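J.:
Residue numbers (my numbering): 3 to 179.
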C-alpha cells in the first residue's frame, strides 16, 4: 500500500446535523498508484481545511477481458466457501473485539461473592448504599434533611450487617466439617 495523502488533523463539522468526523488519509495499492495521473486537491470551500481529491486513471490494455469462464465456475461451491469464510472471519473478529473490550473495561478482577451471600443480603446492602449516597448529597445540598437520612442510613446498615452475620452463622452451622 502507498500513502498518497495524509491530513494534519481530524476535523468535525456540524451544520445542524450530527457531528461527522473526516480523517484526511488516502491509500492506494502500488499497482493503482502507477495508473494515477493529474492528482489534485481542490480547496473550493473556505469553511473547511479539507478539499476534494481528484485524479485521472490511465487505462492500458484490454478492458473486456473475462477473468472467470462461466462454464468452469461452480456457483454452489463458491457460495458455500464464501459463506463459510465470511462467517468464520466475522466470528473471529467479533471474538477479538469482545476480548479487547473486556480487557479494556475490567480494571481489576472481580471478586466472587462469599459462599454465604444471598439475594436478600444484596438487597439490604443496596438499600444502605443508596441511603449513604443520599446522605452524602444532602450534606452539600440539603442540610435540613441530614438527620432523617442519617437515621435511615444507620438503620439500613444495621439490617444489612445483622442479616449478613445471621446468614454466615447459619451456613457455618449447617455445613459439614
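Where is the CB? At the ideal position from N, CA and C, for every residue including glycine. Everything numeric in this text was worked out from a predicted model, so none of it was measured.
Run the CB neighbour count on residue 102, radius 10 Å, all protein chains shown included, and call it buried at 16 or more, exposed below.
T.: Label assigned to residue 102: exposed.
J.: What do you get for residue 41, buried or exposed, if any count of 16 or more other CB atoms within 10 angstroms of its CB means buried?
T.: Under this definition residue 41 is an exposed residue.
J.: Out of 44, 61, 54, 83, point me to the one whose CA is closest to residue 33's CA.
T.: The shortest C-alpha separation from residue 33 is found at 61.
J.: For residue 122, which three-state DSSP category applies?
T.: Here residue 122 sits in helix by DSSP.
J.: On the DSSP bridge assignment, give the partners of residue 54 in chain order.
T.: Per DSSP, 44.
J.: Counting only the same chain and skipping the five closest in sequence on each side, list residues whose C-beta sits under 8 Å from that of residue 58.
T.: Cβ within range, chain order: 38, 39, 40.
J.: If you compare alpha carbons, which of 99, 105, 141, 134 is closest to residue 154?
T.: Of 99, 105, 141, 134, the residue nearest in Cα terms is 134.
J.: Would residue 160 and residue 118 be called neighbours here (beta carbons separated by less than 8 Å)?
T.: In this structure, residue 118 does not lie closer than 8 Å to residue 160 by Cβ.
J.: Compare the Cα-Cα distances from residue 120 to each of 91, 165, 176 and report the closest residue.
T.: It is 165 whose Cα lies nearest to the Cα of residue 120.
J.: Over the uninterrupted alpha helix (DSSP H) stretch that includes residue 184, give me the two end residues.
T.: As displayed, the chain neither begins before 3 nor continues past 179, which places residue 184 out of reach and without an answer.
J.: To which residues does DSSP link residue 39 through a beta bridge?
T.: Answer is 58, bridged to residue 39.
J.: If you draw a straight line from the alpha carbon of residue 108 to that of residue 116, how long is it in whole angstroms?
T.: C-alpha separation (whole angstroms): 21 Å.
J.: Tell me whether residue 85, by its Cβ, gets closer than 7 Å to a heavy atom of the ligand GTP.
T.: The ligand GTP is absent from the structure shown, which contains no ligand whatsoever.
J.: Rank 141, 127, 92 by C-alpha distance to the C-alpha of residue 157 and give the top, closest one.
T.: When each option's Cα is compared against that of residue 157, the closest is 127.
J.: Decide if residue 130 is buried, meaning its Cβ has at least 16 other Cβ atoms within 10 Å, or exposed.
T.: Per the 10 Å Cβ criterion, buried.
J.: Which of the three DSSP states, helix, strand or coil, is assigned to residue 11?
T.: Note that residue 11 scores 44 on pLDDT, short of 50, meaning its location in the model is unreliable; the coordinates nonetheless yield the value given after this. Here residue 11 sits in strand by DSSP.
J.: Quick one: using the 10 Å Cβ neighbour count with 16 as the cut-off for buried, is residue 123 buried or exposed?
T.: So residue 123 counts as buried.
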